[in-house]
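Reading through the structure tokens given below for one structure.
In this note's numbering, the protein residues as written are 2 to 399.
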């Protein structure tokens with residue numbers, strides 16, 4: 002991982018237009034700042050400045066790094082500003098927060114709650130973990146964690162600041178990918194949250210197409226519940242979420258619809274209603290239903306549909322969002338489930354499942370992309386989303 006200390010020196014030189022003026026503002030020697038920038042350029046394999054007699058001008062790659070560094074600066078400035086407002090504030094110098102190792106310790110400890118585990122994952126001693134945490138807390142003059150029977154639990158203010166630390170580390174990870182992308186080399190890791198609907202066709206094809214063109218890229222797909230994915234999106238761990246769009250008032254998310262997905266009622270090929278040419282809602286009362294969990298877009302839409310039909314909502318025999326389990330239950334014979342026909346198109350095409358002849362008007366949901374508002378995606382994530390958009394646009398034709 003790149004050094005925040007070196008990036009802080011780079012940021013100061015970019016802001017002041019030269020090493021000497023930046024050194025005076027930071028109370029450091031010009032040689033120390035020049036050395037930091039040289040090490041940063043060596044790590045990135047590129048020049049960030051053009052050295053001119055009238056000062057140092059940013060190169061195109063330098064502009065890319067500066068954009069990320071401004072975001073890091075903004076996040077850490079928010080932490081420092083809040084810390085200064087709290088009782089007992091005595092925040093250390095501004096540059097004291099620019100230490101990626103300490104931010105890593107805090108974010109990982111907030112996740113696992115156990116110092117020895119943090120030490121093992123980072124490959125350092127437990128004493129080093131304790132020292133890093135102590136120095137970070139001393140810098141902010143606030144405790145970030147409480148010791149409890151459940152381990153090290155973030156304080157309220159610690160939880161807020163850890164989220165900002167995670168965003169800083171995400172920006173830091175993306176810098177190398179940005180510079181490589183400017184050379185036409187897509188590398189690094191794209192981390193996405195994938196909800197069930199889009200995992201069956203659009204996303205696999207998009208990933209395959211992008212990796213065929215950019216084999217150095219790596220894709221990590223997370224299949225957690227939506228609320229958990231949103232938390233990871235806001236912290237910068239996840240680049241974007243693909244799936245049914247959900248309104249979440251008060252949370253700064255940006256959404257982009259891709260297509261409208263209409264639902265159908267599916268059953269196994271051996272279901273007693275599988276050969277009927279026409280069925281009614283009432284005729285389904287004798288059969289057990291498999292439904293998504295309460296609060297999901299599909300479940301909400303289904304409740305609205307039955308209310309519109311003047312019928313009671315069927316009580317689910319099984320509640321699950323696991324497509325493999327739904328598929329297995331339907332194939333057994335007597336259960337029915339409202340799902341996207343597109344989502345189960347392979348099973349329908351091969352005859353394992355059938356679409357029951359019950360028009361379910363108005364039962365639909367928007368599927369699309371969810372990102373953190375204002376986030377700057379790395380080149381690999383942009384390439385994957387472009388391919389997802391292209392394939393989604395072709396869905397009606399297909």
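Note that the Cβ used here is the ideal one computed from N, Cα and C, for glycine as well.
What's the call for residue i, buried or exposed, on a 16-neighbour Cβ count within 10 Å?
i	result
residue 135	exposed
residue 399	Because residue 399 carries a pLDDT of 43, less than 50, the predicted location of this residue cannot be relied on, and the following value inherits that uncertainty. When all chains shown are included, residue 399 counts as exposed.
residue 70	buried
residue 252	exposed
residue 294	exposed
residue 351	exposed
residue 2	exposed
residue 226	exposed
residue 385	buried
residue 262	buried
Tell me whether residue i sits in a helix, a strand or coil according to DSSP, three-state version.
i	result
residue 242	strand
residue 398	Low confidence applies here, because residue 398 scores a pLDDT of 45, under 50, leaving its location unreliable; read the following figure in that light. Correct three-state label for residue 398: coil.
residue 315	coil
residue 51	strand
residue 117	helix
residue 385	helix
residue 86	helix
residue 364	coil
residue 320	strand
residue 230	helix
residue 130	helix
residue 187	coil
residue 356	strand
residue 282	coil
residue 292	strand
If you drop the 5 nearest sequence neighbours on each side, which residues of the same chain put their C-beta closer than 7 Å to that of residue i?
i	result
residue 76	165, 168 and 169
residue 230	194, 223, 239 and 242
residue 26	13 and 17
residue 138	144 and 145
residue 131	116
residue 330	291, 319 and 336
In this structure, what does DSSP give as the bridge partners for residue i?
i	result
residue 236	BP columns for residue 236 are empty, so no partner.
residue 371	242 and 256
residue 5	According to DSSP, which records beta bridges pairwise, residue 5 is partnered with nothing at all.
residue 146	155
residue 265	340
residue 56	53
residue 192	221
residue 162	Paired residue(s): none; residue 162 is not in a bridge.
Whose C-beta lies closer than 6 Å to the C-beta of residue i among residues of the same chain, with five residues either side of it excluded?
i	result
residue 324	197
residue 4	none
residue 201	344
residue 41	7 and 11
residue 219	190
residue 371	242, 254 and 256
Assuming residue i and residue j are in contact, meaning their beta carbons sit under 8 Å apart, how far apart are those beta carbons, in whole angstroms?
i	j	result
residue 408	residue 354	In the structure as shown, the chain begins at 2 and stops at 399. Residue 408 is therefore absent and cannot be evaluated.
residue 127	residue 120	4 Å
residue 339	residue 266	5 Å
residue 59	residue 15	6 Å
residue 183	residue 61	7 Å
Can you list, in chain order, the residues of its chain with a C-beta nearer than 8 Å to that of residue i? Leave out the 5 residues immediately preceding and following it.
i	result
residue 333	269
residue 156	143, 144, 145, 146 and 147
residue 122	109 and 113
residue 313	307
residue 373	234, 235, 237, 253, 254 and 255
residue 356	265, 266, 267, 342 and 349
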